[in-house]
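Just so you know, we're using our numbering here: the sequence shown kicks off at 215 and counts up by one. A short worksheet on the structure shown next.
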Amino acid sequence: MKRMLGTIVVLVLFTAGCGSGPTSEGNDPTVEQTSASPEATPETTAPPADSSDLVVTPGKVGDVKAGMTKEEALATGFFDADVEGVEGCTFPLQWKKQFEGVDVLTREDGSIGSLGVTKGGPVTAEGIGVGSTLADVKAAYLELSAVKEAGFDQAGVFHTVGDDHIGFLFGEATPASITDSSKVSFMEVTSGKLPELMRSGC
């Protein structure tokens, strides 16, 4: 009987020794080890330095969209506000000086009605800009509109995606006189309605 009790005591002690004693958390095999993965560095693009870096797309010039409020437009960093012009005109928005060859028309509430390109610099993603020919425009946009009267009795064509538009004006050419060699003299982008392709007054 004494021998049996001794055996039981030895077994109890042996079992206790096999149990898991207090261990440091870092060495506990049941604790998952995780390491912080390095955060991805966000890609940054330099802001456009001048007009030649602006890409014209339906309804947009660079990051500026037709229809933006005055506050949204100013937040892009491309515009100055309430600029005094000639003949008593005050422009709610005006492109900063380094962005030559682009203009902006605003509505009564200061929001952007349309954006224009008046000379070389900004081009479309397809490489179309002021100076491109009607043949170039046709080749770039297979679903181009027919030639229509636009501007001041001039000729224009339009590239449309959804509600957004780019209009191309061709100098003094009219719908009757325009040819494939006629050159783009002005581009205008709008949203919601076709560009009128004209500028006058303030």
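Quick reminder that beta carbons are idealized off the backbone N, C-alpha and C, glycines included.
How many angstroms separate the CA atom of residue i from the CA atom of residue j?
i	j	result
Leu268	Gly335	8 Å
Gly302	Val331	24 Å
Lys333	Val344	6 Å
Glu322	Gly299	17 Å
Ala289	His379	23 Å
Ser396	Val375	24 Å
Val316	Ile392	25 Å
Gly406	Pro272	11 Å
Thr320	Asp350	30 Å
His373	Tyr355	7 Å
Ala390	Asp367	11 Å
Arg413	Val398	15 Å
Glu314	Leu348	24 Å
Asp377	Pro262	26 Å
Thr388	Thr304	33 Å
Looking at the strands, I want to know which residues DSSP matches up with residue i.
i	result
Asp378	Val375, Ser405
Asp294	Gln308
Thr271	Lys274
Gly370	Lys362, Leu383
Lys284	Per DSSP, none; premise fails for Lys284.
Under a Cβ-count criterion, where at least 16 other Cβ atoms within 10 Å of its own Cβ denotes burial, should residue i be classed as buried or exposed?
i	result
Thr338	buried
Lys352	exposed
Ala287	buried
Pro256	Unreliable placement is indicated for Pro256, whose pLDDT of 47 sits below 50; the coordinate value is still reported in the next sentence. Looking at its Cβ environment, which holds fewer than 16 other Cβ atoms inside 10 Å, Pro256 is exposed.
Leu411	buried
Ser265	buried
Ser346	buried
Lys274	buried
Gly235	Here the model assigns Gly235 a pLDDT of 44, short of 50, so the residue's position is not dependable and the matter cannot be decided.
Leu383	buried
Gly370	buried
Gly385	exposed
Glu285	exposed
Gly415	exposed
Thr404	buried
Val297	exposed
Met401	buried
Gly381	buried
Check whether chain B comes within 8 Å of residue i, counting only Cβ atoms and requiring the distance to be less than that.
i	result
Ser265	Here chain B cannot be found, since the structure has a single protein chain.
Next on the checklist: When you compare the stretch 321-330 with the stretch 264-280, are there three or more beta-carbon pairs, one atom per stretch, that lie closer than 8 Å?
Outcome noted: yes
Item to check | Segment contact, 8 Å Cβ cut-off, at least three pairs: the stretch 362-379 with the stretch 293-300 | outcome: no
Next on the checklist: I want to know whether the stretch 302-319 touches the stretch 350-360 - three or more CB-CB distances under 8 Å.
Outcome noted: no
Item to check | Secondary structure, alpha helix (DSSP H): runs of 4+ residues fully inside the stretch 297-367 | outcome: 348-354
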